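Under the working numbering, think of the first position of the first sequence as 6, with each following residue one higher.
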Amino acid sequence: MTELPDGSTGLDLFPKATGMVVMRVNGVLVDLATELHAGDQVEGVPIESDEGLAVLRHSTAHIAAQATQKLIPAAKLGIGPPIKDGFYYEFDLPEPLTPETLGDIEKEMQSIIKSRQTFKRRVVTQSEAEKELAAEPFKLRLIKADQGSTVLDSEVMEVGGSELSIYDNVNSKTGEHCWSDLCRGPHVPDTTYIPTNAIKVMRSSAAYWLGDQSQESLQRLYGTAWPTKDAMKEYLDFLSEAEKRDHRKLGAELDLFSFPEEVGSGLAVFHPKGGVIRRVMEDYSRKRHEEAGYQFVNTPHITKAALFEKSGHLDWYADGMYPPMHLDAEFHEDGQVKRQGADYYLKPMNCPMHNLIFSARGRSYRELPLRLFEFGTVYRYEKSGVVHGMTRARGFTQDDAHIYCTLEQLPSELNSLLDFVLGLLRDYGLTDFYLELSTKNPEKFVGTDSEWEDATRILRESAESQGLELVLDEGGAAFYGPKISVQVKDAIGRTWQMSTIQVDFQLPQRFDLEYQASDGTRQRPIMVHRALFGSIERFFAVLLEHYAGAFPPWLAPVQVVGIPITEAHNDYLTAVAQQLRERGVRIEVDTSDERMQKKIRSAQKEKVPYMLIAGDEDVASGAVSFRYRDGTQKNGVPVADAVEEILNAISERVQV
RNA sequence: GCCUCUGUAGCUCAGUGGUAGAGCAACCGCCUUGUAAGCGGUAGGUCGUCAGUUCAAUCCUGACCGGAGGCUCCA
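Have a look at this one:
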């Protein structure tokens, strides 16, 4: 309970030194300049809080827009919301933004901030706003749009709530009116709340008005803003760390894979070292699947159209498929059809093929759950602008399985499946997860509501029983059924969608799948689609970025490099290497003419887990010396102990 | 698919309207070495592709093929 004189505002309660940027009055976020009344429940919002950061960034977006309009008076304002780690502002511009302009805009922003402008809120009527914004066609569209229409989602900060407001930026020394923008706010009290050394214009790009492909393409300016210089530095460091870990870069540096232009966009080739990692990943997965009761199958890469007509893919996802090859047609001289041709498609999914295996003969309830597994290579015609290294490729191999079971078996099957998935991901070194439940997309689905409800409920229950955080992804499901996906956090905190588990009542119907029940009746199985890596290529990329190329020994393409101190120690190390090689260790001895320091440097750059160094002292005592990737060393280790240490790390799949 | 940017040696990058260089890597020598680059030499590019402008194009223009960042999309 605080007593304040009449006419007091939040600025009296929370002067700048308190670090509050806006306040919550009776549950509503408002400017600090808002007048307070007796009995109001008031709570300050600090700049470091999520809401405070959003306000800081939103206000910075205004500064960016003001700067842009000052430099480019013809710029028409679009929208300018805060986003994760920053903000953007969209403009309709006569010319696209160039890197030089971005620098100029940033300079102009600095000078606006230094001129100390206050953000003054002013409520306007619709007709006043229309008059005032006559020169801003996009803002006009916003206020004329139906308030309930779907275009006005939460990202649009301009309008919303019960009234329209305009924010005036006023020079606090001269009282001069500098700029205005339609905006629902709230904002920081004045520009000095924005630290000039903690904002940055990042980049520009094109973006459709309100994210709608059928609308105008605008220029979007991205920027970032933080409470302190250090906070921004931390963010920029994170970005550069992410860049260093980029799998496309590491893939080339470590000679793991490439995307030859001759092959085509989004189609990777694996080089020997990448091939080793991939093979080890697959081998381990195979072993675990065998132990978990999966049966291995193989299916072709192409198939006649009828199969994908039956599955519904050609109805729903023809756009995502490579166009067909028309084969076998023959014509008479007069052009009349002699022999009807057929369309063949590259498969975008494996499930229709697996269904054919299920229905190849009569199935008994005794066979269920039937788990068919395949490393199945699929091809999807991703739009040219979305292809991205191995995380969004046009050809990739799924660790794909389809489980056919009864409704009664479904819950326990899903539970054990989730255990299996999470356990396997942990073995590859990913340990931080949450689950996401994707529900029916009302625009794009097949089947009945009750089937969807059942499937969604069972999935939800089994996800909840894992005790992990569960996030809802409304409308995110595939057309044939709801799914759980496992989201993984990597070493620097980024999340990746990995495994997906989808329940499907539809394809069994379309394929008329049946099994004979114990009472002799014919019943329809339920199908579960699941991929744990998602795709091997993608999982490979995630691991590569997660480990920054420094794979744990069991996955490393070269596990040990032997480095003789002089040529005289080559034979000794070669003999040690032979011992390890016989135990299955991937070891190379560097017998080149280089000096040992250079050899260490090379091995270090290749991120080899172990360097075994040997010189006269080691030879004399039947030992070797370790150098690890972190630069530490362990000298004079008896060969038998060294072998043991390496073999142990590999078999335990630990990181070193 | 849309917008902007971009494409020179295996990699990282200079460079010019008169057909090109550096460092690293590769290869060949010399050096014989204790924890991240010893020294010297050699070789390597139709400057993404195809057109156009020009006496002349790696450079200017266009289309196409790659790539990057976004938008849209992601079964």
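All residues carry an ideal CB built from backbone N, CA and C; glycine is no exception.
What you are looking at is a predicted structure, and each value in this text was computed from that prediction instead of being measured.
query	result
Given Gly346 as reference, the closest of Ala555, Pro353 and Ala334 once Cα atoms are compared	Ala334
Cα-Cα separation, Gln115 to Met532	59 Å
Delimiting residues of the alpha helix (DSSP H) encompassing Ala70	Asp55 to Leu76
Where Val156 sits in the DSSP three-state scheme	Only weak support is given to the placement of Val156: the predicted model assigns it a pLDDT of 44, under 50, and the question is left unresolved by the model.
Residue closest to Gln609, alpha-carbon to alpha-carbon, out of Arg632, Glu587, Tyr299 and Thr596	Arg632
Val26 in three-state terms, based on DSSP	strand
Beta-carbon proximity check, Gly428 vs Asp405, cutoff 8 Å	no
Distance between Glu163 and Leu215 (C-alpha atoms, nearest Å)	12 Å
Exposure label - Ser154; buried when at least 16 CB within 10 Å	Legend: pLDDT at Ser154 = 45, less than 50; position of this residue unreliable, value from coordinates given subsequently. Exposed, because fewer than 16 other Cβ atoms sit within 10 Å of the Cβ of Ser154.
Three-way DSSP call (helix, strand, coil) for Ser132 in this model	helix
Distance, Phe363 Cα to Leu512 Cα	12 Å
Cα-Cα separation, Leu9 to Gly44	11 Å
Among Ala645, Asp509, His192 and Thr500, the one whose alpha carbon lies nearest that of Thr436	Thr500
CA-to-CA distance, Val659 to Pro614, given in whole angstroms	11 Å
Beta-carbon proximity of Leu312 to Val206, cut-off 8 Å	no
Buried versus exposed, by CB contacts within 10 Å (16 or more), Gln152	With a pLDDT of only 48 at Gln152, under 50, the local geometry of the prediction cannot be trusted, and no value is derived from it.
CB of Asp36 within 8 Å of CB of Pro194, strictly	yes
Run of the alpha helix (DSSP H) containing Asp517, from where it starts to where it stops	Here Asp517 belongs to no alpha helix (DSSP H), and DSSP marks it neither H nor E.
Between the CA atoms of Arg591 and Gly279 - distance to the nearest angstrom	14 Å
Per DSSP, the bridge partner or partners of Val624	Beta-bridge pairing links Val624 to no other residue.
Assigned exposure category for Pro265 - 16 Cβ within 10 Å defines buried	exposed
The segment 316-327 contacting the segment 290-298, beta-carbon criterion three pairs below 8 Å	no
Three-state secondary structure assigned by DSSP to Asp424	helix
Among Thr396, Val391, Leu422 and Tyr384, nearest to Ala297 - alpha-carbon criterion	Leu422
Cβ shell of Asp424 (< 6 Å), same chain only, five flanking positions each side left out	none
Reduced DSSP category for Trp501 - H, G, I as helix; E, B as strand; rest coil	strand
Burial state of His407, where buried means 16 or more other Cβ atoms lie within 10 Å	buried
Boundaries (first-last residue) of the beta strand (DSSP E) holding Phe19	Per DSSP, Phe19 belongs to no beta strand (DSSP E) and is neither H nor E.
Cut-off 7 Å between Cβ atoms - residues of its own chain near Pro3, not counting five sequence neighbours on either side	Any answer about residue 3 is impossible in this case: the structure gives the chain only from 6 up to 661.
Pro51, enclosing beta strand (DSSP E) - first and last residue	Val47 to Pro51
Status (buried if at least 16 other CB within 10 Å, exposed otherwise) for Ala212	buried
Contact set for Lys494: own chain, Cβ-Cβ below 6 Å, skip 5 residues either direction	Asp437 and Thr500
Proximity of Leu223 and Asp55 at Cβ, strictly below 8 Å	no
Extent of the continuous alpha helix (DSSP H) run through Ala365	That residue, Ala365, is in no alpha helix (DSSP H); it is neither H nor E in DSSP.
Continuous alpha helix (DSSP H) assignments of at least 4 residues falling wholly in the segment 260-299	277-296
Identity of the residue in Leu145, Gly228, Val274 and Ile307 nearest Met326 by Cα	Ile307
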